[in-house]
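Protein chains in written order, with our numbering: chain P, 22 to 141; chain H, 38 to 329.
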């Protein structure tokens, strides 16, 4: 590969990683893994008004993601990534838990979504 | 059987009777004593549990059996509203726990025993092991002119009763006279008591909608390890105490962790109840596992 081709390739790679000024950034994607018997991560920090997509996956068995105070609930089927979009409207701490009985550690399988006020 | 009021007087004098909660339609007062009887509800025995919330986990259920057998008059029947065993991921151990539980409660001196699963018994295998020991997970029976319905809202790990069972329920209700007193036994609450703690039934509102046309419906359930009373319209819902550890009041703290065992007051918060039919109403009397 010539020096010029290498430079072109690096420029192309940078373009795919860096945000393009003036273009909407889109929702923030947060991967969440529901494994026996914990969510990873079990704390999710977002801002009021921020567009977020939780990418839910479960490597072992059927799980559920439920945050009733935020109106969120979704089955998480093994072998599939499930996208759960939401935009929090108020600040606070909102508990989420697994609502599909998944085994001996099910009842301790929970976490919290921390919503903070948007920066001025 | 001794008269209802005599038996309650005995409980009072023996220091056993707790708060009596009355529930039901009283507009039919004056009926004959033929429908006066009582049953006992036990719940959430979690056989196989081990841990600090109950240092006498293997002794509590036998003590409860002894306490029921010591009642002055035998109940007409006894119902266990689920979580007979504590969950295990091992199918062999699940069956061992179900077998041990069945053997222990076999010592109850009663004409009729009714069971249903909790999610700890049935959610991991769709109720397969439970059925091997105790039969169907939902069914109905009649007793002294009343209709009793056992609903399964636990074999589905997602806590639904499901289309098929709701169709069965609708058909069963269709065959009842509107004025027939109906009692529903479930494990989970049918209404949204605390969804963040999984204290709800996903299609519970649809079940309640099926029951609403019937004026005399009462629901007894377990799952939440404490006494709790709520009305949805004219339907009363009464949850029972556990026989393993109590849980905090709904939504009172971030997590539904068991309340700590108090060595100064062992077995506090545990117990069972008598449910008595008298003058077309239900009288609930809470009883402890052991005398204070």
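Positions of the beta carbon are idealized from the N, C-alpha and C atoms, including for glycine. None of these values were measured; they are calculated from a predicted model.
By the three-class DSSP mapping on this structure, what secondary structure does residue i have?
{"i": "residue 319 of chain H", "result": "strand"}
{"i": "residue 96 of chain P", "result": "strand"}
{"i": "residue 282 of chain H", "result": "coil"}
{"i": "residue 123 of chain P", "result": "coil"}
{"i": "residue 178 of chain H", "result": "strand"}
{"i": "residue 133 of chain H", "result": "helix"}
{"i": "residue 51 of chain P", "result": "strand"}
{"i": "residue 113 of chain P", "result": "strand"}
{"i": "residue 272 of chain H", "result": "strand"}
{"i": "residue 314 of chain H", "result": "strand"}
{"i": "residue 255 of chain H", "result": "strand"}
{"i": "residue 307 of chain H", "result": "strand"}
{"i": "residue 261 of chain H", "result": "coil"}
{"i": "residue 147 of chain H", "result": "coil"}
{"i": "residue 157 of chain H", "result": "helix"}
{"i": "residue 300 of chain H", "result": "coil"}
{"i": "residue 288 of chain H", "result": "coil"}
{"i": "residue 243 of chain H", "result": "helix"}
{"i": "residue 104 of chain P", "result": "strand"}
{"i": "residue 121 of chain H", "result": "coil"}
{"i": "residue 56 of chain P", "result": "strand"}
{"i": "residue 231 of chain H", "result": "strand"}
{"i": "residue 211 of chain H", "result": "helix"}
For residue i, tell me which candidate among the options has the shortest Cα-Cα distance.
{"i": "residue 225 of chain H", "options": "H:295, H:134, H:241, H:106", "result": "H:241"}
{"i": "residue 65 of chain P", "options": "P:58, P:75, P:56, P:138", "result": "P:75"}
{"i": "residue 327 of chain H", "options": "H:312, H:169, H:102", "result": "H:102"}
{"i": "residue 254 of chain H", "options": "H:152, H:221, H:234", "result": "H:221"}
{"i": "residue 143 of chain H", "options": "H:126, H:171, H:118, H:124", "result": "H:171"}
{"i": "residue 47 of chain P", "options": "P:107, P:88, P:84, P:63", "result": "P:107"}
{"i": "residue 117 of chain H", "options": "H:89, H:148, H:321, H:152", "result": "H:152"}
{"i": "residue 150 of chain H", "options": "H:302, H:157, H:115", "result": "H:115"}
{"i": "residue 306 of chain H", "options": "H:81, H:124, H:187, H:110", "result": "H:81"}
{"i": "residue 105 of chain P", "options": "P:113, P:137, P:78, P:122", "result": "P:78"}
{"i": "residue 182 of chain H", "options": "H:73, H:95, H:286, H:322", "result": "H:73"}
{"i": "residue 93 of chain P", "options": "P:139, P:73, P:138, P:81", "result": "P:73"}
{"i": "residue 231 of chain H", "options": "P:82, P:88, P:60", "result": "P:88"}
{"i": "residue 332 of chain H", "options": "H:136, H:157, H:186", "result": "Any question about residue 332 of chain H goes unanswered here, given that chain H covers just 38 to 329."}
Given that a residue counts as buried once 16 or more other Cβ atoms are within 10 Å of its Cβ, and exposed if not, what is residue i?
{"i": "residue 290 of chain H", "result": "exposed"}
{"i": "residue 256 of chain H", "result": "buried"}
{"i": "residue 190 of chain H", "result": "buried"}
{"i": "residue 266 of chain H", "result": "exposed"}
{"i": "residue 130 of chain P", "result": "buried"}
{"i": "residue 84 of chain P", "result": "buried"}
{"i": "residue 53 of chain P", "result": "buried"}
{"i": "residue 312 of chain H", "result": "buried"}
{"i": "residue 107 of chain H", "result": "exposed"}
{"i": "residue 110 of chain P", "result": "exposed"}
{"i": "residue 114 of chain P", "result": "exposed"}
{"i": "residue 250 of chain H", "result": "exposed"}
{"i": "residue 120 of chain H", "result": "buried"}
{"i": "residue 237 of chain H", "result": "buried"}
{"i": "residue 138 of chain H", "result": "buried"}
{"i": "residue 165 of chain H", "result": "exposed"}
{"i": "residue 196 of chain H", "result": "buried"}
Just the chain C side, please: which residues come within less than 7 Å of residue i by C-beta, in chain order?
{"i": "residue 121 of chain P", "result": "No chain C is part of this structure, whose protein chains are labelled P and H."}
What I want to know is whether the C-beta of residue i ends up closer than 7 Å to one or more non-hydrogen atoms of the ligand PLP.
{"i": "residue 304 of chain H", "result": "For the ligand PLP, the structure offers nothing, since it holds no ligand at all."}
**Q.** Interface positions of the stretch 142-163 of chain H facing chain P (Cβ-Cβ less than 7 Å), listed along the chain
**A.** 156, 160, 161
Q. How do the stretch 98-105 of chain P and the stretch 117-124 of chain P stand: do at least 3 beta-carbon pairs fall below 8 Å, yes or no?
A. no
Q) Are there three or more Cβ pairs, one per stretch, closer than 8 Å when the stretch 128-137 of chain H is compared with the stretch 271-289 of chain H? A) no
Q.
Any C-beta of chain P within less than 7 Å: which residues of the stretch 117-146 of chain H qualify?
A. 124, 125, 126
Q. Relative to chain P, which residues along the stretch 292-306 of chain H have a C-beta separation below 9 Å, given in chain order?
A. 292, 293, 294
Q) Got a sec: which bits of the stretch 232-262 of chain H sit with their beta carbon under 9 Å from any beta carbon on chain P, in order along the chain? A) Cβ contacts with chain P: 232, 233, 234, 235, 237, 239.
Q. When Cβ atoms are compared, which residues of the stretch 68-83 of chain P fall closer than 8 Å to chain H?
A. 83
Q. Counting Cβ pairs closer than 8 Å, one from the stretch 92-101 of chain H and one from the stretch 199-208 of chain H, do we hit at least three?
A. no
**Q.** Interface residues of the stretch 96-122 of chain P facing chain H [CB-CB below 9 Å]
**A.** 96, 114, 115, 116, 117, 118, 119, 120, 121, 122
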